[in-house]
Structure formats: C-alpha cells, structure tokens
Ligand code: 13P
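Numbering (this note's numbering), first residue to last: 3 to 291.
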C-alpha cells in the first residue's frame with residue numbers, strides 16, 4: 003500500500019485534493035470508507051482531539067486497519083487541530099499517519115518551536131505533519147445565523163507563512179483565507195480569498211502542499227479554483243455531522259418504538275456515504291488509488 007505522502011504528491015501533480023472526513027463514531031467511519039471503496043478513491047479520516055478522546059486513538063487505528071484490510075483501499079488517519087503537544091505525541095505513537103499541529107493561538111515563534119519539537123518526535127517514522135499559520139474561525143458544530151465577518155488580521159500573512167515554512171518545515175500548511183469551520187444558515191459560506199492564496203503561494207513556492215479547512219458549505223467554484231492553486235487536502239466535518247444527526251433524528255422520530263440500532267443507524271451511515279461521494283467528486287479524487 004502506498005503511503006500518504008505518495009498520494010499528496012500525486013494529488014499535487016495531477017490537480018486534485020484528498021477529502022478529509024472527520025468522524026467520532028463508527029458508522030460515520032464506515033459510511034465514509036464504503037464510499038471511498040465505491041469511488042476507488044484514497045480517503046483520509048480525521049479526528050479532532052475531542053473526537054479522538056471520545057472514540058479512542060487506539061480504537062481509531064485498529065478499526066482503520068480492519069476496514070483497510072477488508073476494503074483493500076488506502077485509508078489514512080489524521081489528528082486534526084492537535085493543540086496539546088503531549089496528546090499529539092500519543093496519536094503519533096498510536097499509529098496515526100498524520101498529525102495537524104494547530105499552534106495558531108501562539109505567537110509565530112512558539113508555533114514554530116512546538117512544530118519542530120513534534121518533528122523531532124516523528125523522527126524517521128512515516129508520519130506527516132501539518133502546520134498552520136493564521137487563525138481559522140468558528141466551530142464545526144452548528145449552522146451560524148450571523149454572517150461570518152472576515153477579520154483581516156486572522157488571515158494568513160504571506161510573510162509569516164514563508165518564515166514558518168523556512169523555519170519549521172511542516173509537510174503541509176493549513177491557511178486562513180476566508181474559510182471557517184461550520185456553515186452559515188444559508189448553506190453557502192462566503193467566498194474564499196483566492197487573491198490571498200495566490201500571495202501565499204508566491205512566497206512559499208509552488209511545491210508546498212496546502213490544506214483548506216472548513217470544507218463544508220464552501221462555494222464549489224472556490225473549491226475548484228483552490229485546488230488549481232495546489233490545495234491537496236480539504237477538511238469536511240459539519241456537513242457530515244448535519245447529515246448523520248439529521249438522519250438519525252428522522253429515523254428515531256419516524257418510529258418512536260424502534261430500539262434496534264442496526265435498523266435506525268442504516269440511514270445515518272448511508273448519509274455519510276452520500277456526503278463523502280459529493281466531496282470526492284468535487285475534489286477529483288475518484289479513481290486515484
Ligand atoms: P467544516 O466543519 O466547515 O467542514 O470544517 C472542518 C474542518 O476544517 C476540520 O478541520
């Protein structure tokens with residue numbers, strides 16, 4: 003089985019992006035993987051610190067291994083928005099393929115220092131690390147009624163991205179370009195600042211793989227244009243949670259007497275497959291194994 007680095011390099015060369023589908027529950031994991039199998043697409047599964055504390059780091063790795071063997075497709079695991087260096091080390095030791103160090107709350111120097119510490123811990127292990135410069139707003143936990151106001155100061159500053167890449171050298175860089183977690187109530191988030199993405203690209207060079215967070219609700223044309231500019235991974239969580247939870251609520255309220263999980267969890271699981279399918283199609287990773 004080829005490693006994650008291989009797929010990011012392939013994505014960059016061929017102009018597509020890998021979907022990172024977040025999960026905190028086995029049916030979400032199975033729904034996403036079943037779809038990746040159907041689409042013959044590599045897939046990255048993500049867990050935030052909280053999602054993985056609920057699910058278990060070792061459980062995530064073990065079940066990934068089972069699904070990977072059963073489905074015979076590449077299924078990778080990323081610790082998303084790791085903020086605690088000690089916890090990120092645990093994910094690396096548990097067998098995650100990738101970790102995202104979110105040091106965006108810290109001054110740049112500390113963000114760089116912590117990422118370097120984690121790189122030392124990774125050593126020669128086949129684990130990738132994603133760094134982040136700039137602040138990505140909101141949370142993947144609801145529809146926002148209020149309009150998202152872009153704070154210019156939170157956007158990734160191209161000079162800082164350049165310094166970060168020179169000094170910390172993560173394998174991938176997450177940027178803040180008007181993207182945010184969660185979805186506006188309209189279902190469509192504001193447009194990405196592709197001009198800022200171009201300025202960042204100009205400073206960091208054409209080879210650095212860039213990550214887009216907040217993949218739910220982003221206008222499709224923006225996604226296509228971002229991929230053209232070398233975005234190789236797009237994170238999706240809110241749309242998965244909305245589909246899963248909405249279908250679970252519907253299934254339970256359609257028959258209040260129903261108590262059999264393997265019956266009422268069928269539709270929620272399928273709904274995760276449907277969201278994943280739409281993303282794989284949009285991101286262009288179909289048939290890329
Ligand atoms: P959304 O919840 O907007 O899809 O963002 C997910 C994300 O970026 C996880 O890191």
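In this text, a Cβ means the ideal position worked out from N, Cα and C, and glycines have one as well.
- Between residue 144 and residue 178, is the Cβ-Cβ spacing less than 7 Å? no
- Residue range of the beta strand (DSSP E) that residue 377 falls in? Here the chain has residues from 3 to 291 only, and residue 377 is not among them.
- Task: Determine the direct distance from the alpha carbon of residue 272 to that of residue 247, and round the result to whole angstroms.
- Result: 12 Å
- Leaving aside the five residues before and after residue 81 along the sequence, list all residues of the same chain whose C-beta is less than 7 Å from its C-beta, in chain order. 49, 54, 90, 93, 98, 101, 102
- Query: Secondary structure at residue 123, three-state DSSP: helix, strand or coil?
  - Reply: helix
- Rounded C-alpha distance that separates residue 238 from residue 21: 7 Å
- Can residue 218 be considered in contact with the ligand 13P, in the sense that its beta carbon sits closer than 6 Å to one or more heavy atoms? yes
- Give the straight-line distance between the Cα atoms of residue 260 and residue 267, rounded to the nearest whole angstrom. 11 Å
- Query: Would you call the segment 191-202 and the segment 215-226 touching, i.e. three or more CB-CB distances under 8 Å?
  - Reply: yes
- Query: residue 120 to residue 215, Cα distance in whole Å?
  - Reply: 21 Å
- Message: Just verifying my parser: in three-state terms, what is the DSSP assignment at residue 20?
- Response: strand
- Distance between residue 123 and residue 45 (C-alpha atoms, nearest Å): 25 Å
- Item | Element boundaries [alpha helix (DSSP H), containing residue 285] | 268-285
- Task: Please state whether DSSP places residue 176 in a helix, a strand or coil.
- Result: strand
- 6 Å CB neighbourhood of residue 105 in its chain, flanking five on each side removed: 113, 116
- Any idea what DSSP makes of residue 99, helix, strand or coil? coil
- Message: Can you find the residues in the same chain that come closer than 7 Å, C-beta to C-beta, to residue 187, ignoring five residues on each side of it along the sequence?
- Response: 145, 146, 147
- Message: Looking at residue 176: is its Cβ nearer than 7 Å to the Cβ of residue 129?
- Response: no
- Note down the Cα distance separating residue 278 from residue 32, rounded to an integer number of angstroms. 11 Å
- Query: Would DSSP call residue 157 helix, strand or coil?
  - Reply: coil
- Item | Residue from 61, 9, 85, 43 whose Cα sits closest to the Cα of residue 26 | 61
- Beta carbon of residue 177: closer than 6 Å to some heavy atom of the ligand 13P? no
- Query: Helix, strand or coil: which one does DSSP assign to residue 194?
  - Reply: coil
- Task: Evaluate residue 232 with the Cβ neighbour count: other Cβ atoms within 10 Å of its Cβ, from every protein chain shown; 16 or more gives buried, anything less gives exposed.
- Result: buried
- Compare the beta carbon distance of residue 256 and residue 269 with 7 Å and say whether it is the shorter of the two. no
- How should residue 168 be labelled, buried or exposed, when 16 other C-beta atoms within 10 angstroms of its C-beta is the threshold for buried? exposed
- Contacting residues, own chain, Cβ-Cβ under 6 Å from residue 183 (five flanking each side not counted): 140, 141, 142, 216
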